[in-house]
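In this note's numbering, the protein residues as written are 1 to 368. Using N, Cα and C, we set each Cβ at its ideal position, and we do this for glycine too. First up is the structure itself, then whatever we jot down about it.
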């Protein structure tokens, strides 16, 4: 039996324009032309201004209705791109001025009839004047409308690009987070197996409990992109307790965390690969093991987290750190995804020996 996800269709560009946005456009364009035409009439000394104002209100109301109808047609046809829309608008550009002209003539006839006057048949010159006036009026609206649609396209594409980037970032963050677990899980299960074979069942049970708590956190971390540093530190303590079951006294830890720093939010499991790296290169290969120091402090609007060990240090591995320390590379990528251009990961050898990794990122809290 198979299951298929339904296909999703991209929303139409014209439908992306809300009714409110279109009405605001109509108010600006048609309302603007209406105000300008009345201003010209007043400046020109229109002797019939009160009556002509009513005439223009009805005329522009008719223009409003006609242009709304054109918008409905465009939503239905949904031509994409300026060229396709220009072709679709060409018939309207040719015939709509005739419709508007007919409306003007009919309205003038009604006004004259109400005044008890007889309207003569419009001359060819009068018809030409009516036509080109309405052609200019409609062409102005149509040009503004095409520009309005093009701007809506740009906003549509920008929003779409942001959504795709957010989805890609989320997918990449999840992928990088999942890369943290397999090596650790394999070693831990091996350690539990060894404890059981040595009949150290109580120790094995304790280790299983710690492992389950740690895995519960990592699964919760896939749903929550950031956690407080306090939660992150507690999780690392849990992880290091699990590793101490493998290494015993070879693994020593020291935590120096300022109280204020504990409130900061950090990407979940951001410290994990650095601690794993210290265990792999400083603790595991040495007979005497190593000490891992984890510190954190606030520096103005920045959070500084350091992870140090007294092992052999990076040495020449710093020359090609991306190839030799994949976990550190992943951590740097995650920082960049969470805080583009605002965070950094610095690696160095301590003067007295050992490796030091420093994470620097914006200091953010729940209240921020």
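Each of 256, 66, 356 and 62 was checked against the Cα of residue 277, and the nearest Cα belongs to 356.
Rounded to whole angstroms, the separation of the alpha carbons of residue 217 and residue 144 is 55 Å. Distances from the alpha-carbon of residue 75 to those of 32, 209 and 18 put 18 closest. Going by beta carbons, residue 142 and residue 92 fall inside the 8 Å limit.
DSSP, reduced to helix, strand and coil, places residue 350 outside both helices and strands of the structure shown, so it counts as coil. A distance below 8 Å between beta-carbons, with the five flanking residues on each side excluded, links residue 229 to the following residues of its chain, in chain order: 257, 261, 262, 263, 264, 265, 266, 296, 303 and 305. Rounded to the nearest whole angstrom, the C-alpha separation of residue 313 and residue 237 is 22 Å. In the structure shown, the three-state DSSP call for residue 260 is helix. If the five residues before and after residue 122 are omitted, its C-beta is found closer than 8 Å to the C-beta atoms of 105 and 130, all from its own chain and listed in chain order. Excluding five sequence positions before and after residue 195, the CB atoms of its chain that fall closer than 8 Å to its own CB belong to 201, 203, 204, 207 and 245, given in chain order. The residue among 198, 80 and 97 with its C-alpha nearest the C-alpha of residue 140 is 97. Secondary structure of residue 203 (DSSP, three-state): helix. A check of alpha carbon separations from residue 275 across 43, 298 and 326 identifies 326 as the nearest. Residue burial is scored here from C-beta neighbours: residue 363 has at least 16 other C-beta atoms within 10 angstroms and is therefore classed as buried. Comparing C-alpha distances from residue 36 to each of 57, 213 and 21 shows the shortest one belongs to 57.
Membership of residue 238 in the alpha helix (DSSP H) is indicated by the continuous run 229-247. Between residue 287 and residue 309, the C-beta gap is not smaller than 8 Å, which leaves the two residues out of contact. Counting along the chain, residue 334 sits inside no beta strand (DSSP E); it lies in the alpha helix (DSSP H) bounded by residues 326-338.
Classified as exposed, residue 193 has fewer than 16 neighbouring CB atoms from the shown chains inside 10 Å of its CB. No Cβ-Cβ contact shorter than 8 Å links residue 337 with residue 361. Here residue 126 is exposed. Its C-beta has fewer than 16 other C-beta atoms within 10 Å.
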